[in-house]
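Asker: Sharing a structure below in structure tokens format, with a few things to ask.
Protein chains: 2
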Amino acid sequence: MNKRQIKDLLYEEVARIGKAVSSPKRLELLELLAQSEKTVDALAAEAGIDIKLASAHLKVLKAARLVVAQRDGRFIAYRLSGEDVSALWVKLRTVAEEHLVELKVAMDGIFSAPEKLDAETRRSLMSKARRGDVVVIDVRPTAEYASGHLPFARSMPLDEIRQRIKELPADKDIVAYCRGPFCMMSAEAVTLLQEHGYRAQKIADGTAEWQAAGLPLTTS
Amino acid sequence: MNKRQIKDLLYEEVARIGKAVSSPKRLELLELLAQSEKTVDALAAEAGIDIKLASAHLKVLKAARLVVAQRDGRFIAYRLSGEDVSALWVKLRTVAEEHLVELKVAMDGIFSAPEKLDAETRRSLMSKARRGDVVVIDVRPTAEYASGHLPFARSMPLDEIRQRIKELPADKDIVAYCRGPFCMMSAEAVTLLQEHGYRAQKIADGTAEWQAAGLPLTTS
DNA sequence: CGAATATTCCAACGAATATTAGAATATTGC
DNA sequence: GCAATATTCTAATATTCGTTGGAATATTCG
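Quick note, the sequences are listed as chains A and B, same order. At position 184 of the first sequence (counting the first as 1) the number is 184 in this note's numbering, and the numbers step up by one without a gap. The number in this note's numbering is simply the position in the second sequence, starting from 1, with 1000 added.
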């Protein structure tokens, strides 16, 4: 084997990862799995695709070793094969946000731009949350919250906010987050809260972004 | 536009980046461009492909905004559109190295495994280099060295080592680096130096890895 | 065991992609 | 303006990929 053949082989292997992340649906599946492990039909339902198609995409992700499957009774649960996979998704999205004008305008135009956080903002958010000056709410489904959430955040799933809104203090700032910058749940939560007179805002970070920034999550 | 359509659009955009990095040749081109800007025929020659094909791949990378082209007289120089692109390449390769068994065995088997560095090792290498306890040599072509190199490293291109070997101190440890873990130049340099009685070793880092680890480069 | 559920496998189609060859374009230097 | 050089564009082909429908597999529950 000469140098050229060796190199071809090495880049070929890395391209397997590239190919795995070259499909929009697979990226969506990865982002969903970055929240918590999920079954095939849960993934299919959330991504709005047929179960067979979801299964096919998951097979590709599995072949690239980005996800692992585990049978649990009648269901098969998929999960990311490591934190680094989640970090790769964040990196891809960040590069896209940075360079693709089309994505920038899409995100600006469609829903109110989520607050991008820098290291300092993240730090100050945490100290305010620790002191109780702000209430950080995680509006994702409870299973995702349980799988890992921002420190000091309390679970308040989007579809329970209406009923449970009185649990929130009316005199404090409320900060909502969900699955990340592409997720619209926190925006809906903020609208809902503001309609009820709360001071609410959202942040762009989800747990994947938080972790990719080198900050710890809490698992309950 | 409903939520599903918006999401489809967003993931579609990110997948443009994914598609761009789904080809082995494009990854190789990205790694080459992470060293320094280069012309189309230089890239084609280094990657071992036809100029037309290189041009086609570069067009794809350009459409994904990962590279930018600038005409310089008769030549057109391509360069990465940002540091984050280089970081994306490193991330992809790292994920591949971590999860793909095939890549692990390929790297172990073919040439002696390069030393993976952790934060502590990098720090100690720099302080030894600063004190002059080790001599760090950059064995890439001079243009790449000029475009950015490790602090305290001196340029000693692979194909000049034979002639210039006496410039190196025989009583000190020599540490060679090149374009990264896939590049074989530092391994060749080490073999050459050891044959001449030098205490030489290589590290896996190139400038992209160094930078991705959050450490600064020097430009001359 | 047999029905129900969850998931995967297989086959097939059209769409997108990589690669190659040949023509066309843009710039430089005479 | 013309020849030389560097690069891109166009067209053509083989291959791969995404998606869908129907059949097959594995597990649980009665």
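The C-beta atom is built at its ideal place from N, Cα and C for all residues, glycine as well. Fair warning: this is a prediction, and the values are worked out from it, not measured in the lab.
1. With DSSP collapsed to three states, give me the class of A:Arg199.
2. So A:Gly82 contacts chain B; which residues on that side make the cut at Cβ distance below 9 Å?
3. Taking C-beta pairs closer than 8 Å, name the residues in chain B that A:Arg16 reaches, listed in chain order.
4. Rounded to a whole number of angstroms, what is the C-alpha to C-alpha distance between B:Ser1055 and B:Thr1121?
5. State buried or exposed for B:Thr1191, treating a residue as buried only when at least 16 other CB atoms are found within 10 Å of its CB.
6. Quick check on the DSSP output: what are the complete alpha helix (DSSP H) runs of length 4 or more inside the region 1117-1204 of chain B, in order along the chain?
7. Keeping to the same chain, check which residues put their C-beta closer than 7 Å to that of A:Leu215; ignore five residues upstream and five downstream.
8. Tell me, please, whether the region 44-55 of chain A touches the region 1076-1095 of chain B by the rule of three or more beta-carbon pairs shorter than 8 Å.
9. Which same chain residues end up closer than 6 Å to B:Leu1030 when comparing Cβ atoms and leaving out the 5 residues on each side of it in sequence?
10. Which partner residues of B:Arg1026 appear in the DSSP bridge assignment?
11. Do we get a CB-CB distance below 8 Å when we pair B:Gly1048 with the residues of chain A?
12. Mapping the DSSP letters down to three states, classify B:Ile1049 as helix, strand or coil.
13. Helix, strand or coil for B:Thr1219 per DSSP?
14. Mind listing which residues of the region 1179-1211 of chain B have their C-beta closer than 7 Å to chain A's C-betas, in chain order?
15. Go to B:Ala1064, then tell me how far its beta strand (DSSP E) extends in each direction, as first and last residue.
16. Specify, as a first and last residue, the run of the beta strand (DSSP E) that A:Ala213 falls within.
17. Show which residues of chain B have a CB atom less than 7 Å away from the CB atom of A:Arg65.
18. Please confirm whether B:Asp1221 has its beta-carbon closer than 8 Å to some beta-carbon of chain A.
19. Taking the alpha-carbon positions, what's the B:Phe1075 to A:Gln201 distance?
20. By DSSP, does A:Arg74 sit in helix, in strand, or in coil?
21. Chain B partners of A:Leu33, CB-CB under 9 Å?
22. Please classify B:Met1001 as buried or exposed, where buried requires at least 16 other C-beta atoms within 10 Å of its C-beta.
23. Taking the C-alpha atoms as reference points, what is the distance between B:Glu1160 and B:Asp1138?
24. With a Cβ-Cβ cutoff of 8 Å, do A:Gln70 and A:Ser147 count as a contact?
25. Measuring alpha carbon to alpha carbon, tell me which of B:Ile1017, B:Glu1037, B:Pro1151, B:Lys1166 ends up nearest B:Ala1143.
26. For the alpha helix (DSSP H) holding A:Leu92, just list the boundary residues, first then last.
27. Touching or not, the region 15-25 of chain A and the region 1083-1101 of chain B, by the rule of three or more beta carbon pairs under 8 Å?
28. Considering only C-alpha positions, which residue in the set B:Ile1174, B:Leu1010, B:Gly1180 is nearest to A:Leu10?
29. From B:Arg1199 to B:Asp1173, what distance separates their C-alpha atoms?
30. Tell me, please, which residues DSSP counts as bridged to A:Lys7.
Answerer: In this structure, then:
1. Position 199 of the first sequence, counted from the start, is the residue given in the question as residue 199 of chain A. Annotated three-state conformation of A:Arg199 is coil, per DSSP.
2. The count along the first sequence starts at 1 and reaches residue 82 of chain A at position 82. For A:Gly82, the neighbours in chain B by C-beta distance under 9 Å run, in chain order, Val1095, Glu1098, His1099.
3. For the purposes of this step, residue 16 of chain A is taken as the residue at position 16 of the first sequence. Result: Ala1096, Leu1100.
4. Taking the first residue of the second sequence as position 1, residue 1055 of chain B is located at position 55. Taking the first residue of the second sequence as position 1, residue 1121 of chain B is located at position 121. In a straight line, the C-alpha of B:Ser1055 is about 39 Å away from that of B:Thr1121.
5. Residue 1191 of chain B sits at position 191 when you count from the first residue of the second sequence. Burial state of B:Thr1191 is exposed, judged by a 10 Å Cβ sphere holding fewer than 16 other Cβ atoms.
6. 1119-1131, 1142-1147, 1161-1164, 1185-1195
7. In the first sequence, residue 215 of chain A corresponds to position 215, counting from 1. Hits under 7 Å: Arg122.
8. No, the region 44-55 of chain A is not in contact with the region 1076-1095 of chain B.
9. As a working mapping, residue 1030 of chain B is identified with position 30 in the second sequence. Cβ within range, chain order: Trp1089.
10. As a position in the second sequence, residue 1026 of chain B is number 26, starting the count at 1. Beta-bridge pairing links B:Arg1026 to no other residue.
11. As a working mapping, residue 1048 of chain B is identified with position 48 in the second sequence. So yes, B:Gly1048 belongs to the interface.
12. Position 49 of the second sequence, counting from 1, holds the residue named residue 1049 of chain B. Three-state result, B:Ile1049: coil.
13. Locating residue 1219 of chain B in the second sequence gives position 219, counting from the first residue. Coil.
14. Per Cβ criterion, the list reads Phe1182, Met1184.
15. Here the question's residue 1064 of chain B lines up with position 64 in the second sequence. From DSSP, B:Ala1064 is part of no beta strand (DSSP E); its letter is neither H nor E.
16. The residue given as residue 213 of chain A occupies position 213 in the first sequence. Run containing A:Ala213: none; DSSP gives neither H nor E here.
17. In the first sequence, the residue the question calls residue 65 of chain A occupies position 65. For A:Arg65, the chain B residues whose Cβ falls inside 7 Å of its Cβ are His1099, Leu1100, in order along the chain.
18. Given a span of 1001 to 1220 for chain B in the structure shown, any question on residue 1221 of chain B remains unanswerable.
19. For this step, residue 1075 of chain B is matched to residue 75 along the second sequence. For this step, residue 201 of chain A is matched to residue 201 along the first sequence. C-alpha separation (whole angstroms): 51 Å.
20. Residue mapping note: residue 74 of chain A aligns to position 74 of the first sequence, counting from 1. Coil at A:Arg74, not helix or strand.
21. In the first sequence, the residue the question calls residue 33 of chain A occupies position 33. Near A:Leu33 there are no residues of chain B at all, since even the closest Cβ is about 14 Å away, more than 9 Å.
22. Within the second sequence, numbered from 1, the residue matching residue 1001 of chain B stands at position 1. Counting other Cβ atoms within 10 Å of its Cβ, B:Met1001 stays below 16 and is therefore classed as exposed.
23. Taking the second sequence and counting its residues from 1, the one referred to as residue 1160 of chain B is at position 160. Taking the second sequence and counting its residues from 1, the one referred to as residue 1138 of chain B is at position 138. C-alpha separation (whole angstroms): 12 Å.
24. If you number the first sequence from 1, residue 70 of chain A lands on position 70. If you number the first sequence from 1, residue 147 of chain A lands on position 147. For A:Gln70 and A:Ser147, no; Cβs fall outside 8 Å.
25. To locate residue 1143 of chain B, count along the second sequence from 1; it is residue 143. Checking every option, the nearest Cα to that of B:Ala1143 belongs to B:Glu1037.
26. Walking along the first sequence from the start, residue 92 of chain A turns up at place 92. Going by DSSP, A:Leu92 is part of the alpha helix (DSSP H) stretching over 83-99.
27. yes
28. Translated into positions along the first sequence, residue 10 of chain A becomes position 10. Closest option to A:Leu10, Cα to Cα, is B:Gly1180.
29. Here the question's residue 1199 of chain B lines up with position 199 in the second sequence. Here the question's residue 1173 of chain B lines up with position 173 in the second sequence. When rounded, the distance between both Cα atoms is 5 Å.
30. As a position in the first sequence, residue 7 of chain A is number 7, starting the count at 1. None; A:Lys7 has no bridge partner.
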